[in-house]
Amino acid sequence: MKQFFNVDFAADTIFLKLATDVTISMCRLAGFNDTTAKDISLAVDEAVTNTIKHAYHFDKTKRITLQFTITEAELTIDIRHNGIPISDTEIHLPDMEEYMKQYRKGGLGIVLMTRIMDSVAYGSVGDIHYCRLVMKRGQRHAN
Amino acid sequence: MELTITIENKEGTVVIYPDGFINAHTVNQFEETLQNLVKEKQYRLIVNGQKLQYISSAGLGALMGVIEEIRDNDGDIHLCSLSESVFNVFDILGFTELYEIFDEEAPAIRAFDRHNRK
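Protein sequence lines correspond, in order, to chains A and B. The working numbering numbers the first residue of the first sequence as 1 and each following residue consecutively. The working numbering numbers the first residue of the second sequence as 1001 and each following residue consecutively.
Following this line, the structure appears as structure tokens:
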């Protein structure tokens, strides 16, 4: 059986902490241990921050929806918006060795997301665009 | 407040104590603190994370924004007393190779003496 939970909020960084708090609660509901729940909430923070910055250019009148879907196999979190879409092909993961040598700044969010989650994907359905984060449930992450 | 920052001068170093959360909402405060210290030519900085509950990539970006100038001036940023979850963020990104991280504040301060002798 699938279980859904949706949260809708303004595209304002003031709501980041609430978004991460809700994510931790949902992760616990899905049976993830505290360490994994905190890691997943960080991935959501990064995805929401990227949406506010790149999809909406900090326009606080816009909306973001988080949709949590829990199945027997996995937790899926969709970060939805109707701003500027991002496609998988536009995502370039930095070479971290070069990154650190050059003391570069920015672009770390996507690295965190991909290193924490089992999968990160971008897509669109009509005018709604999403970043989809998936973490498999199971013994590795369980309490 | 999601983040409060206090600063103390100790034995020729500046110790920064962030209390709360560093994310995209609060990072400007952390960034300004670091930039102001660099403007004042304070190049021996310690971030004591004893009360730091959370850091996102925005906070790591703020550190990256000043580290080059600090190291160009024979200084460094040491980190200490990080919680497991905050340490984990540095570890996931491989930043444990870039910054010296200490369990406690005293050795983080003493480590600057080692820089002196070089």
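Built from N, CA and C at the ideal position, the CB exists for glycine as well.
Annotation for Leu133 (chain A): the continuous beta strand (DSSP E) segment containing it runs 128 to 136. For Glu1008 (chain B), the uninterrupted beta strand (DSSP E) segment begins and ends at 1003 to 1010. Taking 9 Å as the CB threshold, Thr61 (chain A) stays off the interface with chain B. Using a Cβ-Cβ cut-off of 7 Å, His1078 (chain B) is close to nothing in chain A; its nearest Cβ partner there is about 16 Å away. By the rule that beta-carbons nearer than 9 Å mark a contact, Gly1094 (chain B) touches chain A. Selection A:Gly109, A:Thr76, A:Ile116 evaluated against Lys53 (chain A) yields A:Gly109 as nearest (Cα-Cα). Under the 9 Å criterion on CB atoms, Ala1108 (chain B) is classed as non-interfacial with respect to chain A. Cys1080 (chain B) has B:Asn1048, B:Phe1102 as its beta-bridge partners, per DSSP.
If you check each beta-carbon in the region 41 to 74 of chain A against every beta-carbon of chain B, the ones closer than 8 Å belong to Leu42, Asp45, Glu46, Thr49, Ile52, Lys53. Look at the region 92 to 110 of chain A: the residues with a C-beta under 7 Å from a C-beta of chain B are Met96, Met100, Tyr103, Arg104, Lys105, Gly106, Leu108, Gly109. Taking all protein chains in view, the Cβ of Glu98 (chain A) is surrounded by fewer than 16 other Cβ atoms within 10 Å, so the residue is classified as exposed. Each of A:Ile40, A:Asp21, A:Thr35 was checked against the Cα of Asp118 (chain A), and the nearest Cα belongs to A:Ile40. Going by DSSP, Leu75 (chain A) is part of the beta strand (DSSP E) stretching over 74 to 81. Against chain B, the beta carbon of Ile14 (chain A) has neighbours under 8 Å at His1025, listed in chain order. When 7 Å is used as the limit between beta carbons, Glu1008 (chain B) is near no residue of chain A, the shortest such separation being about 26 Å.
Phe1102 (chain B) is outside the set of residues whose beta carbon lies under 9 Å from a beta carbon in chain A. Taking 8 Å as the upper bound for CB-CB distance, Leu112 (chain A) and Ala43 (chain A) are in contact here, some 6 Å apart. Counting along the chain, the unbroken alpha helix (DSSP H) around Ala37 (chain A) starts and ends at 34 to 50.
Boundaries of the alpha helix (DSSP H) around Asp1072 (chain B): 1057 to 1072. Between Ala1062 (chain B) and Phe1030 (chain B), the gap from beta carbon to beta carbon is short of 9 Å.
Glu1104 (chain B) is a Cβ neighbour of Ser1081 (chain B), given a cutoff of 9 Å. Interface with chain A (9 Å Cβ-Cβ cutoff): Val1047 (chain B) is excluded. Apart from sequence neighbours up to five positions away, no residue of its chain approaches Lys1041 (chain B) with a beta-carbon distance below 7 Å.
Secondary structure at Ala11 (chain A): coil, using DSSP grouped into helix, strand and coil. Under the DSSP assignment, Thr114 (chain A) falls in the alpha helix (DSSP H) whose first and last residues are 108 to 116.
In the pairwise beta carbon analysis, the region 1052 to 1066 of chain B is classified as not touching the region 1008 to 1016 of chain B: fewer than three pairs are separated by under 8 Å.
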